[in-house]
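**Student:**
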Amino acid sequence: MSVQIHFVPDNLTVRVNVDESILQAAARAGIILRGACGGAGTCGRCGVTLRSGSVLVDNELYRGDEAPTVLSCRAYPTSDVVVEIPPASRLSEHQVLLDSQEQGRLEAGDERPVSPARPLYQEATVGLTVPDCDNAGDDLARLRRGLEPLAGTPDFTVATGLLRDLPGVLRAADWKPRCGIAFGFEPPRLVYAGTGSDTPCYGVAVDVGTTTVVVQLANLNTGSVVGTRGSYNRQAAFGDDVISRIIYATEESNGREHLRLKVLETINALLEELLAETGTTEQSVRACSCAGNPTMVHLLLGVDPSYIRLEPYTPAANEWPILTASEVGLRIFGEAPVYCLPGVGSYVGGDISGGLAFSGAAFADGVTLFVDIGTNGEIVLGNREWLIGCACSAGPAFEGAGVTCGMRATEGAVEQVAVSAGGFEVLLKAIGGTRPAGICGSGLIAGLSALQRAGVIDRSGRFSPGLDTPRLRSGANGCEFVLAWGSESGTGRDLALTNHDLQNLLRAKAAVFAGIQTLLRSVGLGKDDIEQVLIAGGFGLHINVRDAVAIGMLPDLPPERFRFVGNSSLGGARLALLSALDRAVIEETARRVTYMELDETTPFMDEFMAAMFLPHTDIGLFPSVTEQE
Ligand code: FES
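Note that my numbering gives residue 293 to position 290 of the sequence shown, counting from 1, and the numbers run on in steps of one.
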């Protein structure tokens, strides 16, 4: 039996089978709801209002005439229904972080020797000797001789479809065919031969993030960027973090294929927009490079990710074979090579090896700390001679989940907070200059820091007893502090931080700092040995370093040692797209990183417990914070 769901205010209707949840149906309609727990029914983020019809939620029937709010991931329509999606349950569009090329590459990256560019795909017109009675050798041998300078070897392979039509193609081109070689395959592969002229070819670099996907089109002849587009990963409706995606992929029927199609939909939709905007055709996009964490790459390629989360935490591959665009499902030239940047270990992927190369961290003379903070915090320490890395689960707090009024860094999200002594006055700055609707990761860090400075919370992250301010009150979930009253907020509701929120934040910051300390101690170094800290990723760009140090998330170092490197994952993917030498460098970098698995048996847990304090139980690690007090 199938029924209809009509979504308002989107005015979209989809037909569903009765075993499809409203959350899944919404995703199919292109409406991405906040599915932080991957549909487990535990995060409470995916609520929708039933306006008419009836749904079944955990064996209980709800009817639209009572306008109930139900969790869309647990609600299955039993009749035609009208469903209203409140703004708080929706992933809205947000600014997507591009790489830092507009601001110029970091000097550390620019100091590398200039690489001879050999992009993933290269095209040239070749003049072949015309066969006659004295020179009647076979067509392919003729082509091998003519293409050797471009391919670098006469022993390239030929795409099957092309081989079948080769005799006619060479003659139609009057023995001066336009030929395209795909590199990355071993040996290189001839994937195009035709009568075309010297038209530009394009390649696409993709940053496949757990939360956000960014697609960048580059001219393969000149290396120039033609356009960039980003949006939420449509998988986000099925879990906020990689663990919930793996669980969805392995435990839901057809879950892995479903997630594969969702990320493909995201990339293909972005590509379509980019091609339309730049007047480029699908067929002229001849190569693709993808950087992502291991789970994202597994899911993009449709590979079983289940063993990533099971001891001893093994990915299916760190170095992926090159596939073609048609094998992957990308809507570009079908024989285009698709290169996935190599990963390091179960939770440190090609986004980090690419980022290390792009930012120059992999070639630094001095000890460099590279930090990419998201739901997973990936941390690499080292220099041109050695690198050691780990991933720590910071939890979803910095992405706006797991916090009562948390939201992602979209319009209306609070990103700066100031609190007067005693907690009487609060100043908030929201993204887009609008009224505050919630608070994003950087705002939470700023809030935690401001509340502690104002004496509203103590060093254990709990509200100080006996404060005489109306903002501190007892709420439905215990003690809470009101950042904005309903009359000031963009939602009409009070914006408050609860004790539970503060503890979630404390855990998130403690995980990041514990990861850094564990790496430092494993190589016998201290924070003062770090010459530079490179902060990568979208969240990093909004962080106020002073606040991040004040709460004990980042090491207490002079501000000039911190640098933001933007979307270095996308930058790494573009390097791999455009240069064989950079591909070799990224592969070498991935192999050079010693991967440290953090679990309860490592010193990580001791470091974590020590960091569950503001800024830390060992205050000597944060001298500048002590000085300010
Ligand atoms: S409660 Fe529905 S996705 Fe979490």
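Virtual Cβ for every residue (Gly too), placed ideally from N, Cα, C. These numbers come from a predicted model, not from an experiment.
Does the stretch 288-308 come close enough to the stretch 156-163 that 3 or more CB-CB pairs lie under 8 Å?
**Tutor:** Taking 8 Å as the limit for Cβ pairs, the verdict is that the stretch 288-308 does not touch the stretch 156-163.
**Student:** Looking only at C-alpha atoms, which of A457, L498, R462, S492 sits nearest to R476?
**Tutor:** For this step, residue 476 is matched to residue 473 along the sequence shown. Among A457, L498, R462, S492, the Cα nearest to that of R476 is on L498.
**Student:** Grab me the residues of W178's own chain with a C-beta within less than 6 Å of its C-beta, minus the 5 sequence neighbours each way, in chain order.
**Tutor:** Here residue 178 refers to the residue found at position 175 when the sequence shown is read from its first residue. So the qualifying residues of the chain are L131, V133.
**Student:** What's the C-alpha gap between A511 and T494?
**Tutor:** As a position in the sequence shown, residue 511 is number 508, starting the count at 1. As a position in the sequence shown, residue 494 is number 491, starting the count at 1. About 26 Å.
**Student:** Quick one: is S247 buried, meaning 16 or more other Cβ sit within 10 Å of its Cβ, or exposed?
**Tutor:** For the purposes of this step, residue 247 is taken as the residue at position 244 of the sequence shown. S247 should be labelled buried.
**Student:** For G348 and E563, what's the separation of their Cα atoms in angstroms?
**Tutor:** In the sequence shown, residue 348 corresponds to position 345, counting from 1. In the sequence shown, residue 563 corresponds to position 560, counting from 1. So the two alpha carbons sit approximately 31 Å from each other.
**Student:** Hey, is R48 close to the ligand FES, as in C-beta under 7 Å from one of its heavy atoms?
**Tutor:** Here the question's residue 48 lines up with position 45 in the sequence shown. Yes, the Cβ of R48 comes within 7 Å of a heavy atom of the ligand FES.
**Student:** Checking the sheet assignment: what are the DSSP bridge partners for Y342?
**Tutor:** Residue mapping note: residue 342 aligns to position 339 of the sequence shown, counting from 1. According to DSSP, Y342 bridges with S292.
**Student:** Run the CB neighbour count on A424, radius 10 Å, all protein chains shown included, and call it buried at 16 or more, exposed below.
**Tutor:** On the sequence shown, position 421 is the one that residue 424 refers to. It counts as exposed.
**Student:** Can you give the Cα-Cα distance for L637 and G458, rounded to whole angstroms?
**Tutor:** The structure shown does not extend to residue 637, since the chain is modelled only from 4 to 632, so the question has no answer here.
**Student:** Sorted by chain position, which residues of the same chain lie with C-beta nearer than 8 Å to V21's C-beta, five sequence neighbours on each side aside?
**Tutor:** Position 18 of the sequence shown holds residue 21. Same-chain partners within the cutoff: M4, S5, V6, Y79, P80, T81.
**Student:** Can you tell me the Cα-Cα spacing of I391 and A208, whole angstroms?
**Tutor:** On the sequence shown, position 388 is the one that residue 391 refers to. On the sequence shown, position 205 is the one that residue 208 refers to. The alpha-carbon atoms of I391 and A208 are separated by roughly 26 Å.
**Student:** Within 8 Å, do at least three Cβ pairs link the stretch 304-313 to the stretch 215-226?
**Tutor:** Segments in contact, no.
**Student:** Identify, in the order they occur along the chain, each residue of the same chain with its Cβ nearer than 8 Å to the Cβ of E275, setting aside the five sequence neighbours on each side.
**Tutor:** Taking the first residue of the sequence shown as position 1, residue 275 is located at position 272. Contacts found: R334.
**Student:** In three-state terms, what does DSSP make of K265?
**Tutor:** Numbered from 1 along the sequence shown, position 262 holds the residue referred to as residue 265. Helix.
**Student:** Closest to C395 by C-alpha separation, out of E381, C408, E388, would be which residue?
**Tutor:** Indexing the sequence shown from 1 puts residue 395 at position 392. Out of E381, C408, E388, E381 has the C-alpha closest to the C-alpha of C395.
**Student:** What does the alpha-carbon distance come out to for the pair S525 and N14?
**Tutor:** Within the sequence shown, the letter at position 522 stands for residue 525. Within the sequence shown, the letter at position 11 stands for residue 14. Spanning the two alpha carbons is a distance of roughly 56 Å.
**Student:** In its own chain, which residues sit with a C-beta less than 8 Å from the C-beta of V172, not counting the 5 before and 5 after it?
**Tutor:** Position 169 of the sequence shown holds residue 172. Taken in chain order, the residues that qualify are L165, P180, A196, G197, T198.
**Student:** How would you call R37, buried or exposed, if buried means at least 16 neighbouring beta carbons within 10 angstroms?
**Tutor:** Position 34 of the sequence shown holds residue 37. Burial call: buried.
**Student:** Please classify R167 as buried or exposed, where buried requires at least 16 neighbouring CB atoms within 10 angstroms.
**Tutor:** Against the sequence shown, residue 167 aligns to sequence position 164. With fewer than 16 Cβ atoms within 10 Å of its Cβ, R167 is classed as exposed.
**Student:** How big is the Cα-Cα spacing for T16 and H9?
**Tutor:** Mapped onto the sequence shown, residue 16 falls at position 13. Mapped onto the sequence shown, residue 9 falls at position 6. In a straight line, the C-alpha of T16 is about 4 Å away from that of H9.
**Student:** Would a C-beta distance cut-off of 8 Å place Q286 and V266 closer than the cut-off?
**Tutor:** Residue 286 sits at position 283 when you count from the first residue of the sequence shown. Residue 266 sits at position 263 when you count from the first residue of the sequence shown. Contact: no.
**Student:** How about R54 and A70: do their beta carbons lie closer than 8 Å?
**Tutor:** Indexing the sequence shown from 1 puts residue 54 at position 51. Indexing the sequence shown from 1 puts residue 70 at position 67. Yes, the pair counts as a contact, with Cβ atoms nearer than the cut-off.
**Student:** Suppose you measure from the CA of H261 to the CA of E330; what does that come to, to the nearest Å?
**Tutor:** For the purposes of this step, residue 261 is taken as residue 258 along the sequence shown, with counting starting at 1. For the purposes of this step, residue 330 is taken as residue 327 along the sequence shown, with counting starting at 1. Using only the alpha carbons, I get a separation of about 16 Å.
**Student:** Measuring straight from C-alpha to C-alpha, what distance separates E189 and V417?
**Tutor:** Position 186 of the sequence shown holds residue 189. Position 414 of the sequence shown holds residue 417. Approximately 50 Å between the Cα atoms of the pair.
**Student:** Can you confirm whether the stretch 530-541 touches the stretch 552-563 when touching is taken to mean that 3 or more C-beta pairs between the two stretches lie within less than 8 Å?
**Tutor:** At 8 Å Cβ cutoff, the stretches touch.
**Student:** Measure the alpha-carbon distance for V628 versus G47 and round it to whole angstroms.
**Tutor:** Taking the first residue of the sequence shown as position 1, residue 628 is located at position 625. Taking the first residue of the sequence shown as position 1, residue 47 is located at position 44. Going by the C-alpha atoms only, they are around 37 Å apart.
**Student:** Around the C-beta of S200, are 16 or more other C-beta atoms found within 10 angstroms, so that it is buried, or is it exposed?
**Tutor:** Numbered from its first residue, the sequence shown carries residue 200 at position 197. Exposed, by the Cβ-count rule.
**Student:** Taking all protein chains shown into account, do 16 or more other C-beta atoms lie within 10 angstroms of the C-beta of A139, making it buried, or fewer, making it exposed?
**Tutor:** Mapped onto the sequence shown, residue 139 falls at position 136. With fewer than 16 other Cβ atoms within 10 Å, it is exposed.
**Student:** What is the rounded straight-line gap between the Cα of T362 and the Cα of A576?
**Tutor:** As a position in the sequence shown, residue 362 is number 359, starting the count at 1. As a position in the sequence shown, residue 576 is number 573, starting the count at 1. Here the sequence assigns Ser to residue 362, which means Thr is not the residue at that position. The straight-line gap from Cα to Cα measures roughly 12 Å.
**Student:** What runs of the beta strand (DSSP E), each 3 residues or longer, lie entirely inside the stretch 6-49?
**Tutor:** Runs found: 15-20.
**Student:** Is there contact here, the stretch 433-450 with the stretch 461-476, by at least three beta-carbon pairs under 8 Å?
**Tutor:** Short answer: they don't touch.
**Student:** I believe V86 touches I25 by the beta-carbon criterion, under 8 Å. Please report the beta-carbon distance rounded to the nearest angstrom.
**Tutor:** By one-based count along the sequence shown, residue 86 stands at place 83. By one-based count along the sequence shown, residue 25 stands at place 22. Their Cβ separation, rounded to whole angstroms, is 6 Å, which keeps V86 and I25 in contact under 8 Å.
**Student:** Could you round the C-beta distance between F516 and G464 to whole angstroms and report it? I think they count as a contact, below 8 Å.
**Tutor:** On the sequence shown, position 513 is the one that residue 516 refers to. On the sequence shown, position 461 is the one that residue 464 refers to. Not confirmed; about 14 Å, so no contact.
**Student:** Just to confirm before moving on: does the CB-CB distance between T213 and V245 stay below 8 Å?
**Tutor:** Taking the first residue of the sequence shown as position 1, residue 213 is located at position 210. Taking the first residue of the sequence shown as position 1, residue 245 is located at position 242. Yes; because the gap between Cβ atoms is below 8 Å, this pair is in contact.
**Student:** Going by DSSP in three states, F159 sits in which element: helix, strand or coil?
**Tutor:** Sequence index remark: in the sequence shown, residue 159 carries index 156 (1-based). Coil at F159, not helix or strand.
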